[in-house]
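Chains as they are written, first to last, in this note's numbering: chain H, 24 to 345; chain B, 4 to 405.
Read through the structure below, which is laid out as structure tokens, and then see the notes.
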């Protein structure tokens, strides 16, 4: 993991202590202005993916665990959120909570199995569990198979705010995203987060210092799964559908791509990465078959030229933490 | 101030007059450009829509039709995003094609919310005109009920009275198997057995051996895409068709047959609603399609024909109303007017949005029977329009039952 930015070894500066706050203010301001400049529905979806990537980054960037099955939490949360809103008539906040709780439970089960192994074995176990749940989603009646769950009502938040209004929905998604983002930021900068980083750098030493690393890893795994679920559950309400795409393995790969492009182990990297990938998928849609080729080329360029990702590279050049 | 107000009023009035004379229509072809449906839809569908627009504008110069296209990448969320943006920002009036049932159901919903028009020629699911029917959706080319019924019934009637099913093990395969089984049994055929295979399998040998030893006259392939292609290829390697059994593809397009080659696909029976070599007008259309498609060796699939015919009929309805603004009214007009186009002939659109036209049971020719490139099929039976599709009252469409 030598390519992960380690901000602790960089020379301290005035900017350093403030850089994350400044970044956060800029990002928030951008998200508040953005819906007036571009299409809100796209921004909402992008924020959901950004939160998903941040949740994934919590695991790989700060604990050094590469999960290759994060689509499981994202996708199943979106199914349960969509299903509870549509069939049980849950209000949107309850539906999102239901989805998120589902992801937490899945994360607990998958995590307690997966953290027993390391490296490629860990990745393979998470992938295998995610594929099992994909086939379950494909076969189960309530998920609608390859048709997915369609026409999910957005409903009214707390029975008061009608979410069919794009701007109201946007505000809710923005609050969820910023809440999730701040929560991840707090985790990383808490004593608990310091232990996670210690495990990433040298697990044997962390054990020798008396930390029960398995327990830390499990908690980090469940937190990551839960936040990924929060993103998926919100997305189901925003787009009013849940489909197989979100539980299938390419989704797990896409979130790795987003995090790598943006910058592994940086707090803003996944957000930038998610936006970059989604803009590509969406803006390039009219030119058809070239989307995948261009996406591949950008990935290769990114890995060869700036391995720290966009944000990681900027942070490294300026000697700041982002 | 007063003068400015006067000028503005004048401008508005003039613009209004200009609008009354010219009707602007924008059509978005939302399709699969890069993946498994790209051959049967994709660029060929975009071309079909452009041909329909050009043909229509030639006769009606005061209608200006613009065609744009997009790739939904088989993801319902990308499709939803694109459709929303097309309707809101690009001012698209109608979305055509949309292969992939999951994406199509999502588009149908968006279209209904925005009161625009969706002419689906790509999707298979019969839910589009069943429980999930919409006053803004017309389902053009085919659906799963028609495939199961057409192939099942016509094959039994032409002597294939004992069946064995090779079924893809998920909801789509199960539904196709169940529907076809019901049709086979209702027409006096027997089902000798069935075997389920996981999706995206590369090895069909044990399933095919079971099918072979069942001695059933017909092996029904209730699967799709790559699984269908692989099972047909391996059946050819096992010599199943040469051994006297025949394969019935429940979801096979002309483009698949073209890709497989006649050597491999010979003897396969399948149902389609359009074949390029059906009559003089389909041949003439295909010749034009070829000239513009500029891809040697490709032949239009029924989905692409459906985009052309659906777009043409949509434009006729818009012209009759002199406006494309109210999607529900346009679809109502489309249902009211009888359809007539060079590819599907005369037909109608039913209250649930189902387009009715005849279906054809084809058998893939042996290589030595094929006289010229693209000579794939011989016609085994024609299913009249009123028998080809699910009866209106069985669909449980809320628009019909109320």
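We put the beta carbon where it would ideally sit given N, CA and C, even for glycine.
So, helix, strand or coil for residue 232(H), using DSSP?
For this step, residue 232(H) is matched to residue 209 along the first chain. Three-state result, residue 232(H): coil.
Closer than 8 Å: is that where the CB of residue 121(H) sits relative to any heavy atom of the ligand COA?
Of the ligands one can find in the structure shown there are none, so the ligand COA has no counterpart to examine.
Along the chain, where does the alpha helix (DSSP H) that runs through residue 188(B) open and close?
Residue mapping note: residue 188(B) aligns to position 185 of the second chain, counting from 1. Counted as a single uninterrupted DSSP element, the alpha helix (DSSP H) harbouring residue 188(B) occupies residues 174–189.
Could one say the Cβ of residue 235(H) lies closer than 9 Å to chain B's Cβ atoms, at least one of them?
Taking the first residue of the first chain as 1, we reach residue 235(H) at position 212. Taking Cβ atoms only, chain B never reaches closer than 9 Å to residue 235(H), which makes this a no.
Whether residue 260(H) touches residue 190(H) by CB criterion (9 Å):
Here residue 260(H) refers to the residue found at position 237 when the first chain is read from its first residue. Here residue 190(H) refers to the residue found at position 167 when the first chain is read from its first residue. Residue 260(H) places its beta carbon 9 Å or farther from that of residue 190(H).
For a quick check, are the C-beta atoms of residue 267(H) and residue 161(H) less than 9 Å apart?
In the first chain, the residue the question calls residue 267(H) occupies position 244. In the first chain, the residue the question calls residue 161(H) occupies position 138. Yes, the Cβ-Cβ distance between residue 267(H) and residue 161(H) is below 9 Å.
Return the first residue and the last residue of the beta strand (DSSP E) that residue 274(B) is part of.
For this step, residue 274(B) is matched to residue 271 along the second chain. Per DSSP, the continuous beta strand (DSSP E) segment holding residue 274(B) begins and ends at 272–275.
Whose Cβ in chain H lies nearer than 9 Å to the Cβ of residue 88(B)?
To locate residue 88(B), count along the second chain from 1; it is residue 85. Within chain H, the residues near residue 88(B) are 62, 64, 65, 305.
Using a Cβ cut-off of 8 Å, which residues of the stretch 128–161 of chain B contact any Cβ in chain H, in chain order?
Along the stretch 128–161 of chain B, going in chain order, the ones with a CB nearer than 8 Å to a CB of chain H are 128, 130, 135.
Are the C-beta of residue 108(B) and some C-beta of chain H separated by less than 9 Å?
Locating residue 108(B) in the second chain gives position 105, counting from the first residue. Residue 108(B) counts as touching chain H.
9 Å is my cut-off, CB to CB: does residue 399(B) come that close to chain H?
In the second chain, residue 399(B) corresponds to position 396, counting from 1. Nearest CB-CB separation between residue 399(B) and chain H: not below the 9 Å threshold.
Exposed or buried, residue 165(H), counting other C-beta atoms within 10 Å across all chains shown (16 or more means buried)?
The residue you call residue 165(H) lines up with position 142 of the first chain. By the 10 Å Cβ count, residue 165(H) comes out exposed.
Does DSSP classify residue 316(B) as helix, strand or coil?
By 1-based counting over the second chain, the position of residue 316(B) is 313. It is helical.
If I measure Cβ to Cβ from residue 331(B) and keep anything under 7 Å in the same chain, skipping five residues before and after, which residues do I get?
For this step, residue 331(B) is matched to residue 328 along the second chain. Cβ neighbours of residue 331(B) beyond the five flanking positions: 118, 138, 139.
So that I know if they touch, is there some Cβ in chain H lying closer than 9 Å to that of residue 77(B)?
Taking the second chain and counting its residues from 1, one reaches residue 77(B) at position 74. At a cut-off of 9 Å between beta-carbon atoms, residue 77(B) makes contact with chain H.
Could you tell me the alpha carbon to alpha carbon distance between residue 80(H) and residue 313(H), rounded to whole angstroms?
Mapped onto the first chain, residue 80(H) falls at position 57. Mapped onto the first chain, residue 313(H) falls at position 290. In a straight line, the C-alpha of residue 80(H) is about 28 Å away from that of residue 313(H).
Along the chain, where does the beta strand (DSSP E) containing residue 252(B) start, and where does it finish?
Stepping through the second chain from its first residue, residue 252(B) is reached at position 249. For residue 252(B), the enclosing beta strand (DSSP E) stretches over residues 249–252.
Tell me whether residue 20(B) is buried or exposed, calling it buried when 16 or more other Cβ atoms sit within 10 Å of its Cβ.
Here residue 20(B) is taken as the residue at index 17 of the second chain, counted from 1. Confidence at residue 20(B) is low in this model, with a pLDDT of 48, below 50, so its placement is unreliable and the value that follows should be read with caution. The residue is exposed, with fewer than 16 neighbouring Cβ atoms inside 10 Å.
Taking the beta carbon of residue 307(B) as the centre, do at least 16 other beta carbons fall within 10 Å, making it buried, or is it exposed?
Numbered from its first residue, the second chain carries residue 307(B) at position 304. Answer is buried; the Cβ neighbour count reaches 16.
Just list the beta strand (DSSP E) runs in the stretch 318–398 of chain B, keeping only unbroken ones of 3 residues or longer that don't cross its boundaries, in chain order.
If we require 3 residues or more, the beta strand (DSSP E) runs fully inside the stretch 318–398 of chain B come out as 342–344, 348–352, 362–367, 380–386.
Through-space distance from residue 204(H) to residue 343(H), alpha-carbon basis
Translated into the one-based positions of the first chain, residue 343(H) becomes position 320. Translated into the one-based positions of the first chain, residue 204(H) becomes position 181. Cα to Cα, residue 343(H) sits roughly 19 Å from residue 204(H).
Would you kindly report the start and end of the unbroken alpha helix (DSSP H) that includes residue 169(H)?
Counting from one through the first chain, the residue named residue 169(H) turns up at place 146. It is not in any alpha helix (DSSP H) - residue 169(H) carries neither H nor E in the DSSP assignment.
State yes or no: is the C-beta of residue 276(B) within less than 9 Å of the C-beta of residue 178(B)?
Mapped onto the second chain, residue 276(B) falls at position 273. Mapped onto the second chain, residue 178(B) falls at position 175. At the C-beta level, residue 276(B) and residue 178(B) stay beyond 9 Å of one another.
Report yes or no: is there a C-beta of chain H within less than 9 Å of the C-beta of residue 256(B)?
As a first step, residue 256(B) is located in the second chain; it is residue number 253 there, counting from the start. Not an interface residue.
According to a CB-to-CB cut-off of less than 7 Å, which residues of the stretch 157–190 of chain H neighbour chain B?
Look at the stretch 157–190 of chain H: the residues with a C-beta under 7 Å from a C-beta of chain B are 161, 162, 168, 169, 170, 171, 173, 174.
In whole angstroms, what separates the C-alpha of residue 141(H) from that of residue 76(H)?
If you number the first chain from 1, residue 141(H) lands on position 118. If you number the first chain from 1, residue 76(H) lands on position 53. Answer to the nearest angstrom: the Cα atoms are 21 Å apart.
Residue 154(H) CB to nearest chain B CB: under 9 Å?
Your numbering for residue 154(H) matches position 131 in the first chain. Answer no: the Cβ-Cβ gap between residue 154(H) and chain B never drops below 9 Å.
Sequence-distant residues of its chain with Cβ nearer than 6 Å to residue 250(H) (five each side left out)
One-based indexing of the first chain puts residue 250(H) at position 227. 78, 203.
Name, in chain order, the residues that DSSP records as bridge partners for residue 70(H).
Position 47 of the first chain, counted from the start, is the residue given in the question as residue 70(H). According to DSSP, residue 70(H) bridges with nothing at all.
Between 263(H), 184(H), 304(H), which has its C-alpha nearest residue 281(H)'s C-alpha?
Position 258 of the first chain, counted from the first residue, corresponds to residue 281(H). The shortest CA-to-CA distance from residue 281(H) to any of 263(H), 184(H), 304(H) is the one to 304(H).
Could you tell me the boundaries of the alpha helix (DSSP H) in which residue 2(B) lies?
For chain B, the structure presents residues 4 to 405; residue 2(B) sits outside this window and is missing.
Which residues share a DSSP beta bridge with residue 165(B)?
For the purposes of this step, residue 165(B) is identified with residue 162 of the second chain, where counting begins at 1. DSSP lists 193(B) as partners of residue 165(B).
Within the 9 Å Cβ cut-off, does residue 268(H) reach chain B?
As a working note, residue 268(H) is residue 245 in the first chain. Yes, because at least one Cβ of chain B sits closer than 9 Å to the Cβ of residue 268(H).
Does the count of Cβ pairs from the stretch 111–126 of chain H and the stretch 208–228 of chain H closer than 8 Å reach three?
With the rule of 3 Cβ pairs closer than 8 Å, the stretch 111–126 of chain H does not count as touching the stretch 208–228 of chain H.
Cβ closer than 9 Å: which chain H residues qualify as neighbours of residue 48(B)?
Counting from one through the second chain, the residue named residue 48(B) turns up at place 45. Residues of chain H with a Cβ closer than 9 Å to the Cβ of residue 48(B) do not exist; the shortest Cβ-Cβ separation is about 11 Å.
With a threshold of 9 Å between beta-carbons, can residue 68(H) be considered close to chain B, or not?
Here residue 68(H) refers to the residue found at position 45 when the first chain is read from its first residue. Taking 9 Å as the threshold, the shortest C-beta distance from residue 68(H) to chain B falls below it.
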